[in-house]
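Participant: Quick one: this structure, given as structure tokens, is what I'll be asking you about.
Protein chains: 2
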Amino acid sequence: MRWPHIEPHLITRSLVPENQESPIHFFSLAAVTPEGFFYIRNHFSYPMLSEESFAVTIDGEVRNSLTFHYRDLLSMPSKEIAVTLECSGNKRARFKLKVYGIQWEEGAISQGVWKGVPLRDLLNYAGLKPTAREVVFAGRDCGTRTDMAGTYPYARSLPLDKALHPDTLVAYELNGQPIPYKHGYPLRLIVPQWYGMASVKWLRSITVLDARFTGPFQVVDYVYEPGTDSDDGKSPVTLVHVNSTIQFPMDRSLLDTGTIQICGIAWTGTGFITDVELSLNGGESWVSADVHRLPNQPYAWILWTYRWDVSQQGEYAILCRARDSYGNIQPAAASWNKKGYGYNAISSINVKVE
Amino acid sequence: MRWPHIEPHLITRSLVPENQESPIHFFSLAAVTPEGFFYIRNHFSYPMLSEESFAVTIDGEVRNSLTFHYRDLLSMPSKEIAVTLECSGNKRARFKLKVYGIQWEEGAISQGVWKGVPLRDLLNYAGLKPTAREVVFAGRDCGTRTDMAGTYPYARSLPLDKALHPDTLVAYELNGQPIPYKHGYPLRLIVPQWYGMASVKWLRSITVLDARFTGPFQVVDYVYEPGTDSDDGKSPVTLVHVNSTIQFPMDRSLLDTGTIQICGIAWTGTGFITDVELSLNGGESWVSADVHRLPNQPYAWILWTYRWDVSQQGEYAILCRARDSYGNIQPAAASWNKKGYGYNAISSINVKVE
Numbered sequence: 001m002r003w004p005h006i007e008p009h010l011i012t013r014s015l016v017p018e019n020q021e022s023p024i025h026f027f028s029l030a031a032v033t034p035e036g037f038f039y040i041r042n043h044f045s046y047p048m049l050s051e052e053s054f055a056v057t058i059d060g061e062v063r064n065s066l067t068f069h070y071r072d073l074l075s076m077p078s079k080e081i082a083v084t085l086e087c088s089g090n091k092r093a094r095f096k097l098k099v100y101g102i103q104w105e106e107g108a109i110s111q112g113v114w115k116g117v118p119l120r121d122l123l124n125y126a127g128l129k130p131t132a133r134e135v136v137f138a139g140r141d142c143g144t145r146t147d148m149a150g151t152y153p154y155a156r157s158l159p160l161d162k163a164l165h166p167d168t169l170v171a172y173e174l175n176g177q178p179i180p181y182k183h184g185y186p187l188r189l190i191v192p193q194w195y196g197m198a199s200v201k202w203l204r205s206i207t208v209l210d211a212r213f214t215g216p217f218q219v220v221d222y223v224y225e226p227g228t229d230s231d232d233g234k235s236p237v238t239l240v241h242v243n244s245t246i247q248f249p250m251d252r253s254l255l256d257t258g259t260i261q262i263c264g265i266a267w268t269g270t271g272f273i274t275d276v277e278l279s280l281n282g283g284e285s286w287v288s289a290d291v292h293r294l295p296n297q298p299y300a301w302i303l304w305t306y307r308w309d310v311s312q313q314g315e316y317a318i319l320c321r322a323r324d325s326y327g328n329i330q331p332a333a334a335s336w337n338k339k340g341y342g343y344n345a346i347s348s349i350n351v352k353v354e
Numbered sequence: 001m002r003w004p005h006i007e008p009h010l011i012t013r014s015l016v017p018e019n020q021e022s023p024i025h026f027f028s029l030a031a032v033t034p035e036g037f038f039y040i041r042n043h044f045s046y047p048m049l050s051e052e053s054f055a056v057t058i059d060g061e062v063r064n065s066l067t068f069h070y071r072d073l074l075s076m077p078s079k080e081i082a083v084t085l086e087c088s089g090n091k092r093a094r095f096k097l098k099v100y101g102i103q104w105e106e107g108a109i110s111q112g113v114w115k116g117v118p119l120r121d122l123l124n125y126a127g128l129k130p131t132a133r134e135v136v137f138a139g140r141d142c143g144t145r146t147d148m149a150g151t152y153p154y155a156r157s158l159p160l161d162k163a164l165h166p167d168t169l170v171a172y173e174l175n176g177q178p179i180p181y182k183h184g185y186p187l188r189l190i191v192p193q194w195y196g197m198a199s200v201k202w203l204r205s206i207t208v209l210d211a212r213f214t215g216p217f218q219v220v221d222y223v224y225e226p227g228t229d230s231d232d233g234k235s236p237v238t239l240v241h242v243n244s245t246i247q248f249p250m251d252r253s254l255l256d257t258g259t260i261q262i263c264g265i266a267w268t269g270t271g272f273i274t275d276v277e278l279s280l281n282g283g284e285s286w287v288s289a290d291v292h293r294l295p296n297q298p299y300a301w302i303l304w305t306y307r308w309d310v311s312q313q314g315e316y317a318i319l320c321r322a323r324d325s326y327g328n329i330q331p332a333a334a335s336w337n338k339k340g341y342g343y344n345a346i347s348s349i350n351v352k353v354e
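Residue numbers (the UniProt record's numbering), protein chains in the order written: chain U, 1 to 354; chain H, 1 to 354.
Next comes the structure, spelled out in structure tokens:
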């Protein structure tokens, strides 16, 4: 007989545009997320590609407006770095006071090794004028919004220091292959440490501004709005919050007594993860998990494991909190904000040992 | 360029054993759920098949113990009926007081046209003794449990009246093809109106008992236990509760003003769906949805639609409740029970019209 094939799948959140999350609990979380399990997050339908899609322009507050062709970029000095990409809406479904938007669970996060040219090198060729203040990246994807009239490209800006950081790349490869079409082929901006909205896919143009960029994906979306009724305290979504996910066991699962290998990932946009602690009694006491790092890859998630010998039947609340080198630690409750970004409360599951 | 293919997938809940739910919000809910979207619910690993798997035995309180071969069954008088199969744990994740077990959302339900021989005909060949009281169905799948020692086959019983109902089938085809392996090939019991646990896959044996069957999937699992601390009020899971699901729009989605086609399904195990009502204002007032029935298929879900013309921006709580010909109606809150079976509270989503 043909033995049935069992495999996990991306978890569909919307089809138009396509938004699917990674089945984060159901495959080996190594350095590289397999292409078929890499989360997909789109604002619009996929763009059509043509000859001219194989180039990116630089203009605005630069001495020389330039066009870099795909083949030009392939021959320039490059870098290859492992980067965790996390949608800022990851875990949005977990906010107790529910918010509108795609109800991502824990899988709007994936990791890959990206190869490309430092953006800084391209900006240096063009020559920034002293008036340069922000750099705007437009993708080839565009469309309409429900909250305002008109057609918009997907466009985001970075402050100069992040644009000039040597690890901000115009990437052309993911895991040793051309970037898959759904993930930005042929060219994608990769911004380590920032939430995924900054890593613009199908990169079309780079425009240096002498002012703040005010496109809707900069000032309407991807803004923390902590007030339910007022505009007070708004701030932009930028760096990834320190965070972790328990991969195994699953929430609400039934387990046998014996040895249970609890495992998961942890990541941050500020520095690096220093330690991961678990509580097996709902927060009364904490123990350290073993942390496994990818050498020389500061932007990669870390894997953590803990060997739990459990002989006592009963219900257990298991918590996990990560801490980073900036002293950030996952909070008991995430900061609520109207559009549900940056959820990073202490991870928590309940299991029953029978 | 090759246009990217966009498709929904089964939603993985566990891989060992395989449990995956239907992406119910993301394909056309017609009479037949495509095989790739049919929910998968297993208690154990898949059974190995051999020559002897192509037969089912009948014994116990019968005049003649018999073995029916697959090929015998194919040549006997048959019936073909559309049946909604719903796992009794469907929507378990919705219980506010959380319970252990697989956290099914709304997709542990699918529908197909099953062809097979009425079980009654087979029991008549064997000849029930007057002592016959229950009929036990064992599948070829077996394994261990977390809550008790030993190896168990998956086995379930039916009371005599349901076993003798002319629409309870020993099925060999789904949607005009041999039953897919994952769904019970070569032979599966199909019990219309009962939750899916009764429709035993990989049917191996039929045993007529003179007593109540007390296998663990009969008296430990698939029992409503309404008390948090006591055994009071326990009752077996049998008939499907009247229920509905809103397929579109999605919960917490952002919509434009204009005309929105709200749609979904409704189903019951007691009689048939008589009407489906929607509330567009959180339950203050109700309107009737249009109901579309599959002719002469009393065990099939109905499709319902409602054309909502919405010009006023704002947040809306949309509720849906179905009623059946036995007078059952979806309750405001589902009856809580320790293992989380039979959830059928009024369906409810929140949307924001911008």
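C-beta atoms are modelled at their ideal positions from N, C-alpha and C, and glycine is treated no differently.
Measure how close the beta-carbons of U/Asn64 and U/Ala126 come, nearest whole angstrom, since I'm counting them as under 8 Å.
Facilitator: Contact flag correct, Cβ pair sits at about 5 Å.
Participant: Assuming contact is defined by CB atoms lying nearer than 9 Å, are U/Val113 and U/Met76 in contact in what I supplied?
Facilitator: No.
Participant: Identify the contact partners of U/Lys201 in chain H, using a Cβ-Cβ distance below 7 Å as the criterion.
Facilitator: Per Cβ cutoff of 7 Å: no residues; U/Lys201 is ~12 Å from chain H at best.
Participant: Does the beta-carbon distance from U/Ala345 to U/Trp301 come in below 9 Å?
Facilitator: No, these two residues do not count as a Cβ contact at 9 Å.
Participant: Is it a yes or a no for the region 295-311 of chain U touching the region 220-236 of chain U, going by three-plus beta-carbon pairs under 8 Å?
Facilitator: The region 295-311 of chain U is not in contact with the region 220-236 of chain U.
Participant: With a threshold of 9 Å between beta-carbons, can H/Lys91 be considered close to chain U, or not?
Facilitator: False, the Cβ-Cβ gap to chain U never drops below 9 Å.
Participant: Could you give the DSSP three-state label for H/Leu10: helix, strand or coil?
Facilitator: Residue state, collapsed to three classes: coil.
Participant: Any chance the region 316-327 of chain H sits against the region 244-256 of chain H, with 3 or more Cβ pairs inside 8 Å?
Facilitator: Because the criterion of three Cβ pairs below 8 Å is met, the region 316-327 of chain H and the region 244-256 of chain H touch.
Participant: For residue 412 of chain U, which residues does DSSP report across the bridge?
Facilitator: Residue 412 of chain U lies beyond the residue range present for chain U, which begins at 1 and ends at 354; the question has no answer from this structure.
Participant: Classify H/Glu35 as helix, strand or coil using the three-state DSSP reduction.
Facilitator: Helix, per DSSP.
Participant: Under the assumption that U/Asp210 contacts U/Glu61 (Cβ atoms under 8 Å), give the Cβ distance between them as a whole number of angstroms.
Facilitator: Contact holds; Cβ gap of about 5 Å.
Participant: According to DSSP, is H/Tyr306 part of a helix, a strand, or is it coil?
Facilitator: DSSP places H/Tyr306 in strand when its eight states are reduced to three.
Participant: Quick check on the DSSP output: the beta strand (DSSP E) that includes U/Val56 runs from which residue to which?
Facilitator: From DSSP, the beta strand (DSSP E) with U/Val56 extends over 55-60.
Participant: Would you call the region 263-280 of chain H and the region 325-337 of chain H in contact, with 3 or more CB pairs under 8 Å?
Facilitator: The region 263-280 of chain H vs the region 325-337 of chain H: in contact.
Participant: List the whole-angstrom C-beta distance separating H/Gly107 from H/Ile24, where the pair is believed to meet the contact cut-off of C-beta under 8 Å.
Facilitator: Contact flag correct, Cβ pair sits at about 4 Å.
Participant: Span of the beta strand (DSSP E) holding residue 367 of chain H?
Facilitator: Absent from the structure is residue 367 of chain H, since the part of chain H shown begins at 1 and ends at 354.
Participant: Against U/Asn281, what residues of chain H qualify as contacts under a CB-to-CB distance less than 7 Å, listed in chain order?
Facilitator: Simply none; closest approach about 18 Å.
Participant: Please give the ranges of any beta strand (DSSP E) in the region 208-281 of chain U, keeping only runs that are unbroken, at least 3 residues long and fully inside the region.
Facilitator: Runs found: 243-248, 258-267, 273-279.
Participant: So what does H/Gln20 bridge to, in DSSP terms?
Facilitator: H/Gln20 is bridged to H/Thr12, H/Ile40.
Participant: Listing by chain order, which chain U residues have their CB less than 7 Å from the CB of residue 392 of chain H?
Facilitator: No information on residue 392 of chain H is available, as it lies outside the stretch 1 to 354 that chain H covers here.
Participant: With burial defined as no fewer than 16 other Cβ atoms inside 10 Å of the residue's Cβ, what is the status of H/Ser50: buried or exposed?
Facilitator: H/Ser50 comes out exposed.
Participant: Can you pull the chain H neighbours of U/Phe26, defined as C-beta to C-beta under 7 Å?
Facilitator: Simply Thr12, Leu15.
Participant: Tell me whether H/Pro331 is buried or exposed, calling it buried when 16 or more other Cβ atoms sit within 10 Å of its Cβ.
Facilitator: Its Cβ having fewer than 16 others within 10 Å, H/Pro331 is exposed.
Participant: Just by C-beta distance, which residues in the region 177-191 of chain U are closer than 8 Å to chain H?
Facilitator: Listed in sequence order: Tyr181, Lys182.
Participant: Can U/Ser110 and U/Gly342 be called in contact, C-beta distance under 9 Å?
Facilitator: The answer is no: Cβ separation not under 9 Å.
Participant: When the Cα atoms are used, what is the spatial distance from H/Leu239 to H/Gly196?
Facilitator: Near 10 Å, if we compare the C-alpha coordinates of H/Gly196 and H/Leu239.
Participant: Taking 9 Å as the threshold (beta carbon to beta carbon), is U/Gln247 in contact with chain H?
Facilitator: Output row for U/Gln247: interface = no.
Participant: Less than 9 Å between the C-beta atoms of H/Phe44 and H/Pro17, yes or no?
Facilitator: Yes, the Cβ-Cβ distance between H/Phe44 and H/Pro17 is below 9 Å.
Participant: Sorted by chain position, which residues of the same chain lie with C-beta nearer than 8 Å to H/Tyr299's C-beta, five sequence neighbours on each side aside?
Facilitator: Taken in chain order, the residues that qualify are Ile81, Ala82, Val83, Thr84, Asp167, Pro192, Gln193.
Participant: Can you have a look at H/Met334 and say buried or exposed, based on whether 16 or more other CB atoms are within 10 angstroms of its CB?
Facilitator: What sits at residue 334 of chain H in the sequence shown is Ala, not Met. Classification of H/Ala334: buried, given that the 10 Å Cβ count is 16 or more.
Participant: Strictly under 9 Å for the Cβ-Cβ distance: is U/Arg71 near chain H by that measure?
Facilitator: No, U/Arg71 does not count as interfacial toward chain H.
Participant: Using a Cβ-Cβ cutoff of 7 Å, what residues of the region 130-153 of chain H are near chain U? List them in chain order.
Facilitator: So the list reads Thr146, Asp147, given in the order they occur along the chain.
Participant: What residue ranges within the region 103-136 of chain U form continuous alpha helix (DSSP H) runs of no fewer than 4 residues, ordered along the chain?
Facilitator: If we require 4 residues or more, the alpha helix (DSSP H) runs fully inside the region 103-136 of chain U come out as 119-126.
Participant: Anything in chain C within Cβ reach of H/Pro4, meaning under 7 Å, just list it in chain order.
Facilitator: Absent from the structure is chain C; the protein chains it does hold are U and H.
Participant: Could you say which of U/Val135, U/Thr131, U/Lys115 lies nearest to U/Leu123 if we only look at CA atoms?
Facilitator: Ranking U/Val135, U/Thr131, U/Lys115 by Cα distance to U/Leu123 puts U/Val135 first.
Participant: Considering only their Cβ atoms, is the gap separating U/Ser22 from U/Tyr39 smaller than 9 Å?
Facilitator: Against a cut-off of 9 Å, the Cβ pair of U/Ser22 and U/Tyr39 comes out as a contact.
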